[in-house]
Amino acid sequence: MDAISDRAFGESSASTAANIHRVVDETPSLLTVILDLHPLAWKSCRETNDKIDFRNVTASMLVMMNSHLALNSGNRVSLYIANSFSQGVKRVYPEETSLKDTILEKDGSLLKSVGIYGQFKVLDENILDTLDKLFHNEPERLRDIINKDDVFVKGTITGAISRALSAINKLQKHEETLNMKARVLVISVSGDNTIPYVSMMNTIFAAQKMKISIDVCKLGEKSIFLQQTADATNGVYMDIKYPNGLIQYLSNAFFIEPLLRPMIVLPSNTSVDFRASCFVTNKVVDIGYVCSVCLCILSVIPGDERCPTCHSPFEHSLVTKLKRKPKVLPLDVKRMKK
Amino acid sequence: MDIDEDDAIVKSGVRTRATTRKRNRSQKIVADDEDEQIETGKPSALKGAGGGYAWEDEYRRSWDIVQEDASGSLEGIVSDLVDARKRRRAGATVPVQRGIIRTVVLILDYSGVMREKDVRPTRGVAMIEHAVEFVGEFFDQNPVSQVAIVAMRNGIAHIVSELGGSPHEHITALRQLRTRFDPEGEPSLQNALNMARGVLAGGNETATREVVIIFGALFSADPGNIHKTISALVKERITVRVIGLTARVAVCEELCSKTSFGDVKSTYHVALDENHFKELVMECVTPLAVTKRAAESASGFSLVKMGFPSRASAEVGLCACHSQAIAGGYVCPQCGSKVCTLPTVCPCCSLTLVLSTHLARSYHHLFPLQTFDDCPEGGICLGCGEESGAGAARCPQCKEIFCVDCDVFLHETLHTCAGCESKTKDTITKKS
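If you're matching them up, the sequences are chains Z and X in order. Using the UniProt record's numbering, the letters of the first sequence map in sequence onto residues 1 to 338. Using the UniProt record's numbering, the letters of the second sequence map in sequence onto residues 1 to 432.
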């Protein structure tokens, strides 16, 4: 009797140890890619660096998503496009339920798909079809936007991240996908001026709370907000210097699971810009004044002693206290005191 | 408030089948209603369903009451829950001015009564666990605020941790309190309040001054007249909130009503059960709204000087705050001393050091997400792309539909409407 129970105990403990190992290694994970399609940003990107090619970016992205699927049979991918056309953010894969029939009616596939793994085929076809349609559906609008010089188009990257996070939140509540790990990769081309500040910060904190890393693959100009996003959520931020080799970046730096990141030397970004910018003068400040009502940052005390953002008056005595310069006592006074 | 006790019990009865999150909600509503009943003070408000007082009713176990409807589903009950959830959130979406920069003294009752086991494992242990969670959540949501912790034990007040902005220090101090001391003796409200006054007197002038008391006893052993202390608190503009564990005590009632500065909502609550206790503690995380009277009497709002430090080089060096060798860290822009964590007050020149992202973390208190409208017909949820089912909601601005889970997620975690952010219609504007 003892022998039996002992054996059973020994076995179970050994197997749990092995299980823990397996759980760490093989929990399936979800990779959510957000592709920024801001038309003006793409335009300026192409103007400054003609090596950036949308086809290349899409192809590299597809390779990365396919390889993520290949890594583990339980792995999932999803793709959102932060589109600034009339549709806004759109989930491309898995496709939105209402769009299913419209995609299926397309007969000629854009893909040469002999001997391709089934899941890759579904994924790639879906994505390529949707992107293709998107550009064909709205050429006038696109032309309108691009040809005018003085327009500003709001970016929808925060919307895309918000939707991705809510989908992940839902997924992690389902019973069969309870342990699903998730991370978000943003392929961005647009600069900070297209990103709404408050909602960007809200998404950062939500991701932080959910312990989801947001990686940023940045083509074109630098973005302070996205840098802070990656820093706060333990993600990787990289400015892509050689867009030709995008696939290399994606499959090296961005392909590593957050779980493995502590063990691997990652491309670090030590120079994250944490300084704040003044709400009035837009100067970058390291010592500033903060309104206690709306938390706006000021580099100078406004002359009328009112907050320029929320118009609440400041306490006069406090302002004079802050304005007071340090006093230097004249020499003779100091001596007298001694 | 003439609430049907039966209805309240049915709602609480649903708990057994609903998910934990929803369960907490329904309980909260019930709890609030009962609270209000008592607060109104009308004898009729205390009447139970049977016409007698609520406590004269026969006790009904929650699992006896769960009733499936004719088709055997719980749909009706689920929609009740959703309504309850809505009711709870309705008040929270009007943008109000709040004191974002806060100093809070958390006073813990650590007297003999905290050894009672009506809350598992004991009141004292549960209270410290909630306090640890409170501290973590508090600094998460109020990054530029400070906390001190005081314990009432053996008739005197002990400082558990000094006023500071580092959650880690407070949590270690709380854990030490739990392992090194046992709850003992009598609590003294007056001593604790006086100590809180002392702590708050040295704090930042521009910050709000708050005291949160977790009070398990029904008595207080005071050395003098507590009413004098209360008037001193009023004079010093200190707001006091009390969370009782046993029953309402007149002196706490007076303490709260006098120090609420014209705020209509009572700041005195008594925990009904473990979950409610935890919710009451967590409620104190949200900054208090600036009351009308306070806004009128103040001559203006404050402007705070803050430093936005840069990251120090990766070389190992001693930090000014703990004298520990660390790699990295941040450098105070005013005096150049090195600190290891943010946000903090520079130990050298006492400049408040924050990151701009810390300030941004408080924005959702200032710009809350509006409540979504009910959308009984349902549809495809924009957040998760699934059929929304019962209890769908529609954003009044972008008209997108969200399911219950996504709706809750947007309002409680994200604070941004995914639909509005995704829209680009009419966003092509001339460059300014």
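Heads up, the beta-carbon is just placed ideally off N, CA and C, and yes, glycines get one too. All figures in this text were calculated on a predicted structure; none of them were measured in a lab.
Proximity test, Cβ basis, 7 Å: X/Asp-405 and chain Z
yes
Hey, X/Thr-259 and X/Val-234: beta-carbon distance below 7 Å or not?
yes
Answer with yes or no whether the minimum CB distance from X/Tyr-363 to chain Z is below 7 Å.
yes
Cβ contact (3+ pairs, closer than 8 Å) linking the stretch 99-106 of chain X and the stretch 136-152 of chain X:
yes
Under a three-way DSSP split, which group does Z/Val-284 fall into?
Three-state result, Z/Val-284: strand.
For a quick check, are the C-beta atoms of X/Ala-314 and X/Ala-325 less than 7 Å apart?
Contact: no.
Among Z/Lys-283, Z/Ser-73 and Z/Arg-275, which residue has its Cα nearest to the Cα of Z/Ile-224?
Z/Arg-275
Which runs of the alpha helix (DSSP H) spanning at least 4 residues fall entirely within the stretch 351-420 of chain X, listed in chain order?
356-361, 363-366 and 404-409
Quick one: complete alpha helix (DSSP H) runs, 4+ long, within the stretch 184-238 of chain X?
189-201 and 226-235
Own chain, CB closer than 8 Å to X/Ser-323, minus 5 neighbours either side, in chain order:
none
8 Å contact criterion, which X/Tyr-330 and X/Leu-342 should meet: CB distance rounded:
Confirmed, Cβ separation roughly 6 Å.
Mind checking which residues open and close the alpha helix (DSSP H) that includes Z/Val-63?
54-71
Which whole-angstrom value is the C-beta distance of Z/Lys-209 and X/Thr-413, which I expect to be below 8 Å?
6 Å
If you reduce the DSSP assignment to three classes, tell me which class Z/Lys-90 lands in.
Z/Lys-90: strand per DSSP, three-state reduction.
Could you check whether X/Gly-419 and X/Cys-395 sit closer than 7 Å to each other, using their CB atoms as the reference points?
yes
Does the Cβ-Cβ distance between X/Asn-226 and X/Ile-107 come in under 7 Å?
What sits at residue 226 of chain X in the sequence shown is Ile, not Asn. It is not a contact, given that the beta carbons lie outside the stated cut-off.
Note down, in chain order, every chain Z residue with its Cβ under 7 Å from the Cβ of X/Gln-334.
Ile-287
Exposure label - Z/Asp-132; buried when at least 16 CB within 10 Å:
exposed
Member of Z/Ala-167, Z/Gly-155 and Z/Ser-60 whose CA lies at the smallest distance from the CA of Z/Trp-42:
Z/Gly-155
Under a Cβ-count criterion, where at least 16 other Cβ atoms within 10 Å of its own Cβ denotes burial, should Z/Leu-178 be classed as buried or exposed?
exposed
Can you give me the C-alpha to C-alpha distance between X/Ala-271 and X/Met-127, rounded to a whole angstrom?
Roughly 12 Å separates the two Cα atoms.
CA-CA distance, X/Gly-389 and X/Gly-379?
7 Å
So for X/Cys-252, helix, strand or coil by DSSP?
X/Cys-252: helix per DSSP, three-state reduction.
So is Z/Phe-314 buried or exposed if we call it buried at 16+ other beta carbons inside 10 Å?
buried
Rounding to the nearest angstrom, what Cα-Cα distance links X/Thr-267 and X/Ala-250 in this structure?
13 Å
Quick one: what does DSSP say Z/Thr-32 is sitting in, helix, strand or coil?
strand
Beta-carbon spacing of Z/Tyr-93, Z/Ser-78 below 7 Å:
yes
Note down, in chain order, every chain X residue with its Cβ under 7 Å from the Cβ of Z/Ile-240.
Within 7 Å Cβ-Cβ: nothing; Z/Ile-240 doesn't reach chain X, min ~23 Å.
Can you determine whether any heavy atom of the ligand FAD sits closer than 6 Å to the C-beta of X/Ser-161, and answer yes or no?
Looking at this structure, you won't find the ligand FAD or any other ligand, since it has none at all.
Where does Z/Asp-36 land, buried or exposed, given buried means 16+ other C-beta within 10 angstroms?
Under the 10 Å beta carbon count, Z/Asp-36 is surrounded by 16 or more other beta carbons and is classified as buried.
Which listed residue (X/Gly-112, X/Thr-371 and X/Glu-116) has its alpha carbon closest to that of X/Gln-397:
X/Thr-371
On the three-pair Cβ rule with 8 Å, is the stretch 157-170 of chain Z touching the stretch 230-243 of chain Z?
Contact between the stretch 157-170 of chain Z and the stretch 230-243 of chain Z is absent, because fewer than three Cβ pairs lie under 8 Å.
Partner residues on chain Z for X/Ala-306, Cβ-Cβ distance less than 7 Å
Before going on, a small fix: residue 306 of chain X reads as Met here, not Ala. What X/Met-306 touches in chain Z: Gly-288 and Val-290.
Against chain X, with Cβ distances strictly below 7 Å, would Z/Met-180 count as a contact?
No, no contact with chain X.
Short Cβ contact (7 Å threshold) for X/Thr-352 with X/Met-306
yes
Which residues in chain X have a C-beta closer than 8 Å to the C-beta of Z/Gln-248? List them in chain order.
By Cβ distance, chain X contributes nothing, its closest Cβ being about 26 Å from Z/Gln-248, past 8 Å.
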